[in-house]
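The next block holds one structure in the form of structure tokens; read it before the comments.
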Amino acid sequence: MKPMLEITNLCKFFPIRNALGRHTGDVRAVDNVSFSIPRGAVYGLAGESGSGKSTIARMIMGLSQPSSGEIRIDGEPVGSVRSSREHGRKVQMVFQNPGSSLNPRRTVGQSIAVPLDAHGHPSSGRARRISELLEMVQLPTNFAERFPHELSGGQKQRVAIARALAVTPRLVVLDEPTSALDVSVQARVIDLLVELGQRLDLTFLFISHDLSLMRNFASQVGVLYRGKIVETGPTADVFVNPQHDYTQLLLASVPVISAEEEAMRPKIPLIDGEIPTAEKLIELRSGGHQISGQASNAKQSFNEEQPR
Ligand SMILES: Nc1ncnc2c1ncn2[C@@H]1O[C@H](COP(=O)(O)OP(=O)(O)O)[C@@H](O)[C@H]1O
Ligand SMILES: [Mg+2]
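Numbering follows our numbering, in which position 224 of the sequence shown is assigned residue number 349; successive positions increment by one, without gaps.
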């Protein structure tokens with residue numbers, strides 16, 4: 126069966142210009158990225174801020190053109206999709222900040238009605254569909270009359286999810302959907318997404334800087350570092366046996382629960398008592414450059430260095 130999303134050798138370079146407007150180089154925001162997501166699966170794309178996650182999301186949504194490479198949704202190349210309406214019906218996105226993605230002057234019901242109207246949903250059944258969508262995201266149906274400022278962050282994000290699901294997409298791109306929320310709210314929103322994914326047979330691309338959120342949600346993860354996927358595989362494998370230094374670094378900051386998990390936690394060398402940046406760590410491990418005055422420190426493992 127065709128994967129729901131298939132990305133092949135995707136690149137996005139942004140030109141860098143000097144003060145005279147001359148092209149002096151490129152930011153390689155997305156650099157030869159390939160991965161695919163089977164139908165009904167959850168793929169977690171992790172990486173620090175600036176690693177290229179949102180640039181990939183924007184290209185999937187057709188909001189930005191790739192420099193090269195190909196994106197297929199349900200077998201169909203994104204660029205060649207006959208109309209944006211057809212594309213929008215297949216794929217929807219939930220953004221990081223529900224505060225700014227919801228129009229403050231529209232009621233919740235009006236916001237959810239926008240994609241319904243855009244996709245030609247009959248206006249007669251609109252109120253019922255809005256109630257159904259609110260129930261789906263576990264909000265009271267009378268929330269349709271409320272304005273965004275009357276809602277908590279978690280409730281706003283539930284509305285954004287309802288709006289994304291309004292036109293029954295097959296693929297949902299979640300770009301840091303819980304990063305603006307408190308930890309306890311985060312967990313409940315993720316539980317809701319898991320439940321909706323199973324019930325509605327959705328395929329998710331779950332993007333986050335926080336690898337720990339993917340542990341119980343994603344079946345596969347990809348780790349993005351400076352525009353490149355440096356590691357990918359089944360979530361359990363990546364968590365238990367991370368291959369790449371940068372993945373180990375991301376995992377070292379994941380809160381651990383059991384002693385067993387603690388023992389599995391990768392040991393990261395400290396530099397001057399601090400967890401090094403990914404760049405320093407990779408430089409250090411590649412053995413090429415020594416970081417002056419810090420090398421002896423860096424040889425000690427994270428565990429020996431300080432109790433947590
Ligand atoms: N429109 C743009 N013009 C120039 N550079 C951009 C643009 N959008 C993103 N970038 C750069 O591309 C890189 C990746 O950005 P982004 O995809 O937003 O990262 P992430 O979502 O992982 O934080 C960053 O270096 C960012 O500065
Ligand atoms: Mg981003």
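Here a beta-carbon is modelled for each residue, glycine too, at the ideal position from N, C-alpha and C.
Straight-line Cα distance separating V167 from S344: Here residue 344 refers to the residue found at position 219 when the sequence shown is read from its first residue. Here residue 167 refers to the residue found at position 42 when the sequence shown is read from its first residue. Near 6 Å, if we compare the C-alpha coordinates of V167 and S344.
Cβ-heavy atom distance, S304 to ligand 1, below 7 Å: Position 179 of the sequence shown, counting from 1, holds the residue named residue 304. Relative to ligand 1, even the nearest heavy atom lies 7 Å or more away from the CB of S304.
Coil, strand or helix - S304 by DSSP: Indexing the sequence shown from 1 puts residue 304 at position 179. Correct three-state label for S304: coil.
C-beta contact flag for M129 and I162 at 8 Å: Numbered from its first residue, the sequence shown carries residue 129 at position 4. Numbered from its first residue, the sequence shown carries residue 162 at position 37. Closer than 8 Å, so yes.
Close-in-space but distant-in-sequence residues of the same chain around F268 (CB under 6 Å, 5 per side omitted): Along the sequence shown, one-based indexing puts residue 268 at 143. Contacts found: V233, L259.
Beta strand (DSSP E) segment containing V127, residue limits: Residue numbering aside, residue 127 sits at position 2 when the sequence shown is read from its first letter. It is Lys, not Val, that sits at residue 127 in the sequence shown. Premise fails: K127 is in no beta strand (DSSP E) and is neither H nor E.
CA nearest to the CA of L327, picked from S225, Y350, T293: The residue given as residue 327 occupies position 202 in the sequence shown. When each option's Cα is compared against that of L327, the closest is T293.
Spatial distance of F115 from S225 (CA atoms): Nothing about residue 115 can be reported from this structure: the residues present for the chain run from 126 to 433 only.
Of the listed residues A361, F329, L276, nearest to N228 (C-alpha basis): Residue numbering aside, residue 228 sits at position 103 when the sequence shown is read from its first letter. Here the closest residue by C-alpha is L276.
Other residues of its chain near R214: CB distance less than 8 Å, five sequence neighbours each side excluded: In the sequence shown, counting from the first residue as 1, residue 214 sits at position 89. H244, V292, T293, P294.
For A144, the three-state DSSP class (helix, strand or coil): Locating residue 144 in the sequence shown gives position 19, where the first residue counts as 1. Correct three-state label for A144: coil.
Spatial neighbours of D300 in its chain, beta-carbon cut-off 8 Å, leaving aside the 5 residues before and after: If you number the sequence shown from 1, residue 300 lands on position 175. Contacts found: K178, S179, A182, M218, V219, F220, Q221, I332.
Residues bridged to G150 [DSSP beta-bridge criterion]: For the purposes of this step, residue 150 is identified with residue 25 of the sequence shown, where counting begins at 1. Answer is I141, bridged to G150.
For D199 and S421, the rounded distance between their alpha carbons: Your numbering for residue 421 matches position 296 in the sequence shown. Your numbering for residue 199 matches position 74 in the sequence shown. Bear in mind that the predicted position of S421 carries a pLDDT of just 37, short of 50, making it unreliable; the figure below should be weighed with that in mind. Distance between the alpha carbons of S421 and D199: 52 Å.
Enclosing beta strand (DSSP E) for E195 [first to last residue]: For this step, residue 195 is matched to residue 70 along the sequence shown. Secondary structure note for E195: its beta strand (DSSP E) is the uninterrupted segment 193–198.
Rounded C-alpha distance that separates L306 from C136: As a first step, residue 306 is located in the sequence shown; it is residue number 181 there, counting from the start. As a first step, residue 136 is located in the sequence shown; it is residue number 11 there, counting from the start. Near 31 Å, if we compare the C-alpha coordinates of C136 and L306.
Supposed close pair V319, G279 - CB separation, criterion 8 Å: In the sequence shown, residue 319 corresponds to position 194, counting from 1. In the sequence shown, residue 279 corresponds to position 154, counting from 1. So it is not a contact: roughly 16 Å between Cβ atoms.
Cβ-based neighbour list, P359, same chain, cut-off 7 Å, excluding 5 preceding and 5 following: Working through the sequence shown from its first residue, we reach residue 359 at position 234. S344, Q345, listed in sequence order.
G347 versus L336: straight-line alpha-carbon distance, rounded: Within the sequence shown, the letter at position 222 stands for residue 347. Within the sequence shown, the letter at position 211 stands for residue 336. Going from the Cα of G347 to the Cα of L336 covers about 10 Å.
Contacts around P302, its chain only, beta-carbon distance under 6 Å, and the 5 residues preceding and following it disregarded: Here residue 302 corresponds to residue number 177 of the sequence shown, with the count starting at 1. Closer than 6 Å at Cβ, skipping near neighbours: V219.
Distance cut-off 7 Å: S179 Cβ against heavy atoms of ligand 1: Taking the first residue of the sequence shown as position 1, residue 179 is located at position 54. For S179, the CB falls within less than 7 Å of some heavy atom of ligand 1.
D335, DSSP secondary structure in three states: In the sequence shown, residue 335 corresponds to position 210, counting from 1. Coil at D335, not helix or strand.
Integer-rounded CB distance, given that A154 should sit under 8 Å from P223: In the sequence shown, the residue the question calls residue 223 occupies position 98. In the sequence shown, the residue the question calls residue 154 occupies position 29. Contact annotation, P223 with A154: C-beta distance approximately 25 Å; criterion of less than 8 Å not satisfied.
Residue of F342, L338, H334 minimising C-alpha distance to L321: The sequence position of residue 321 within the sequence shown is 196, counting from 1. Residue F342 holds the alpha-carbon nearest to the alpha-carbon of L321 among F342, L338, H334.
Under the three-state DSSP convention, the category L299 falls into: Residue 299 sits at position 174 when you count from the first residue of the sequence shown. Strand, per DSSP.
Straight-line Cα distance separating S256 from E270: Here residue 270 refers to the residue found at position 145 of the sequence shown. Here residue 256 refers to the residue found at position 131 of the sequence shown. When rounded, the separation of the alpha-carbon atoms in E270 and S256 is 11 Å.
Boundaries of the alpha helix (DSSP H) in which L227 is found, first to last residue: Within the sequence shown, the letter at position 102 stands for residue 227. It is not in any alpha helix (DSSP H) - L227 carries neither H nor E in the DSSP assignment.
Cβ-heavy atom distance, S256 to ligand 1, below 7 Å: Indexing the sequence shown from 1 puts residue 256 at position 131. No.
CB of F139 within 8 Å of CB of V152, strictly: Position 14 of the sequence shown, counted from the start, is the residue given in the question as residue 139. Position 27 of the sequence shown, counted from the start, is the residue given in the question as residue 152. Yes, these two residues count as a Cβ contact at 8 Å.
Cβ separation of V216 and L290, assumed to be a contact under 8 Å, to the nearest whole Å: Along the sequence shown, read from residue 1 onward, the residue named residue 216 stands at position 91. Along the sequence shown, read from residue 1 onward, the residue named residue 290 stands at position 165. Not a contact, Cβ separation roughly 12 Å.
E301 CB to nearest heavy atom of ligand 2 below 7 Å: On the sequence shown, position 176 is the one that residue 301 refers to. It does: the Cβ of E301 is within 7 Å (strictly closer) of some heavy atom of ligand 2.
Check: G150 C-beta below 7 Å from any heavy atom of ligand 1: Here residue 150 refers to the residue found at position 25 of the sequence shown. For ligand 1, not one heavy atom lies less than 7 Å from the Cβ of G150.
Exposure label - I132; buried when at least 16 CB within 10 Å: The residue you call residue 132 lines up with position 7 of the sequence shown. Burial call: buried.
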